[in-house]
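Below is one structure, written out as structure tokens; comments come after it.
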Amino acid sequence: RINQIMQGTFFHLSEVLPPAVAKSLLEDAIDRLYGRKSPQIVASNKAALAAAVKHLNKIDYPASWAQAEDNEISLKRQARHQTEFSPEMDDFSKTFMKSI
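Going left to right, the sequence shown walks through residues 37 to 136 as our numbering numbers them.
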């Protein structure tokens with residue numbers, strides 16, 4: 037399940053808990069959640085947890101990215117209906133807002 041993968045990577049990167057403790061707690065949770073279903077499900081979830089942490093890759097970004105500023109294109113992609121470049125809501129937003 038995706039939440040095991042996300043939790044494993046979160047605890048590994050954040051170091052909120054020591055990695056060994058986090059791994060042990062997450063594996064215990066997998067046992068509790070899936071232990072009654074089948075050993076294969078438990079094993080595959082534990083394998084996914086281990087693989088997620090093992091396959092994390094550090095990406096080095098240029099220092100200049102810390103000073104990056106939005107431009108017209110990036111703002112339109114982030115929130116097309118809330119930018120100075122597009123004062124009107126897009127069709128999807130208009131349709132969605134009417135339905136709620």
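The beta-carbon is built from N, C-alpha and C at its ideal position, and this holds for glycine as well.
For clarity, every value in this text was computed on a predicted model and none was experimentally measured.
Annotation for Tyr-70: Ile-77, Val-78, Asn-81 place their beta carbon closer than 7 Å to its own, counting only its chain and skipping 5 residues before and after. Segment contact: the region 41-60 against the region 83-103, three or more CB-CB distances shorter than 8 Å; contact assigned. When secondary structure is reduced to three states using DSSP, Ala-104 falls in the coil class, being assigned neither helix nor strand. The beta carbon of Ala-65 lies closer than 6 Å to none in the same chain, with the five residues before and after it left out. Taking Ala-58 as the centre and dropping the five residues before and after it, the same chain places the C-beta of Phe-47 closer than 6 Å to its C-beta, in chain order. Collapsing the DSSP output to three states places Gly-44 in a helix.
Within a 10 Å sphere around the beta-carbon of Leu-61 sit fewer than 16 other beta-carbons, which makes this residue exposed.
Rounded to whole angstroms, the gap between the alpha carbons of Thr-45 and Gln-103 is 27 Å.
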